[in-house]
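Since the structure comes first, as C-alpha cells, the remarks are kept for the end.
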Amino acid sequence: RKEVEQDPGPFNVPEGATVAFNCTYSNSASQSFFWYRQDCRKEPKLLMSVYSSGNEDGRFTAQLNRASQYISLLIRDSKLSDSATYLCVVNNDMRFGAGTRLTVKP
Amino acid sequence: GAVVSQHPSWVICKSGTSVKIECRSLDFQATTMFWYRQFPKQSLMLMATSNEGSKATYEQGVEKDKFLINHASLTLSTLTVTSAHPEDSSFYICSARDSWSTGELFFGEGSRLTVL
C-alpha cells in the first residue's frame, strides 16, 4: 500500500459547485498534514495545513479523520481559478499523494 | 515568508553531459532539503533527502551515482545529473523546511531539464 493515496481524478465541475477530495495515509503515527496546490508547470504552493479539529479558510475546509486515516479538502463555490492539481502531504516522510486534478468550467 | 530559490529554471543539454541544479534557502536554515522529479502529467516523486554535512538518503530505484547530491551548507543543496540522457528530461524541484519547524515545506521554482 502506498504511503499516501489520492484519487487522481480528473474532477470536472461547473463554476459554483462544491467539490471534495480525500487523501488516505498508511502511517498511523503521522502528525502533520497539508494540502498543496500545483498549477501546470509550476512548483507546489501551500494551500492550507490540516488541524485535528478541522479548519476553514474562506471557501476551503480541511478535515482530518484519524480513525480512518484520511484527510479531506472541501472547496465551496468553485471558481475558474481553482483549476489546479491538489496534492496532500503527510509530513513524516515528505511523500506526496499523486494529486487530484480539478478543472472548474464556466 | 520563507523563500527557496532554485537555479537554473530551465536547461537544455546534450546527451552525456552533466547538469548541476542549485537549491538555496534564502532566509532560513535548512538542515534537510528534498529533491523531487516530476514527469509530465505525473505526480511529484521524492528522489532523495539531502542532509547537511552528511550523505543524502536516496529513494528506492534512484541511482545515487547518477544523481549526485551535495548539501555542504545549511542554505545550499545541489543536485547533479551526471551523464544525462533524454530519459532524464524532467521537472526537478527542491524543497526545504526551516530547521526549527516541522511544518510547511517551501519549494523552489523548479528546474526544467531537457536532454537532447
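As given, the protein sequences belong to chains A and B, one line each in that order. Under my numbering, the final residue of the first sequence carries the number 96; numbering is consecutive throughout. Under my numbering, the final residue of the second sequence carries the number 119; numbering is consecutive throughout. Cβ coordinates follow ideal geometry from the N, Cα and C atoms, glycine included. Bear in mind the structure is a predicted one, so any value in this text is a computation, not a measurement.
Residue burial classification, residue i (beta-carbon count within 10 angstroms, cutoff 16)
i        : result
Arg27/A  : buried
Trp3/B   : Since the first and last residues shown for chain B are 4 and 119, residue 3/B lies out of range.
Lys31/A  : At residue 31/A the sequence reads Arg, which differs from the Lys that was named. So Arg31/A counts as exposed.
Thr42/B  : In the sequence as presented, Thr is not what sits at residue 42/B; that position holds Phe. With fewer than 16 Cβ atoms within 10 Å of its Cβ, Phe42/B is classed as exposed.
Trp13/B  : exposed
Pro0/A   : exposed
Ser93/B  : buried
Arg56/A  : exposed
Arg9/B   : Checking the displayed sequence, the identity of residue 9/B turns out to be Gln instead of Arg. Gln9/B is buried by the Cβ-count criterion.
His74/B  : buried
Gly113/B : buried
Asp72/A  : buried
Gly64/B  : exposed
Residue closest to residue i, alpha-carbon to alpha-carbon, out of the options
i         : options                              : result
Gln(-4)/A : Val94/A, Pro96/A, Thr90/A            : Thr90/A
Phe70/B   : Ile24/B, Thr78/B, Leu47/B            : Ile24/B
Ala99/B   : Thr85/B, Thr117/B, Ser76/B           : Ser76/B
Lys60/A   : Phe24/A, Asp47/A, Ala74/A            : Contrary to the premise, residue 60/A reads as Tyr rather than Lys in this sequence. Nearest option by C-alpha distance: Phe24/A.
Cys19/B   : Thr85/B, Phe109/B, Gly56/B, Glu112/B : Correcting the residue identity first, residue 19/B is Gly in this sequence and not Cys. Selected option, being the one with the closest Cα: Thr85/B.
Gln21/A   : Glu5/A, Val40/A, Phe11/A             : Val40/A
Thr117/B  : Ser21/B, Val7/B, Val6/B              : Ser21/B
Phe11/A   : Ser58/A, Asn2/A, Leu63/A             : Leu63/A
Neighbourhood of residue i by C-beta, 8 Å cutoff - its chain only, sequence neighbours within 5 removed
i         : result
Glu(-7)/A : Tyr15, Ser16, Asn17, Val80, Asp83, Arg85
Pro34/A   : Tyr26, Arg27, Gln28, Leu77, Phe86
Glu5/A    : Ser68, Lys69, Leu70, Val94, Lys95, Pro96
Sequence-distant residues of its chain with Cβ nearer than 6 Å to residue i (five each side left out)
i       : result
Asn45/A : Ala52
Thr81/B : Lys23, Glu25, Asn73
Residue interval of the beta strand (DSSP E) (run including residue i)
i         : result
Asn55/A   : 50 to 55
Met50/B   : 48 to 54
Tyr39/B   : 35 to 41
Lys(-8)/A : Taken as a continuous stretch (DSSP letters only), Lys(-8)/A belongs to no beta strand (DSSP E), as it is neither H nor E.
Ser121/B  : Examination of residue 121/B is not possible in this model, given that chain B is present from 4 through 119 alone.
His74/B   : 70 to 76
Val80/A   : 74 to 80
His10/B   : 7 to 10
Close Cβ partners of residue i (< 7 Å) along its chain, the five nearest in sequence each way excluded
i      : result
Ala7/A : Ser68
>> What ranges does the beta strand (DSSP E) occupy inside the segment -3 to 51 of chain A, keeping only unbroken runs of at least 3 residues that lie completely in it?
In response: With a minimum length of 3 residues, the unbroken runs of beta strand (DSSP E) contained wholly in the segment -3 to 51 of chain A fall at 1 to 4, 9 to 15, 23 to 28, 35 to 40, 45 to 47.
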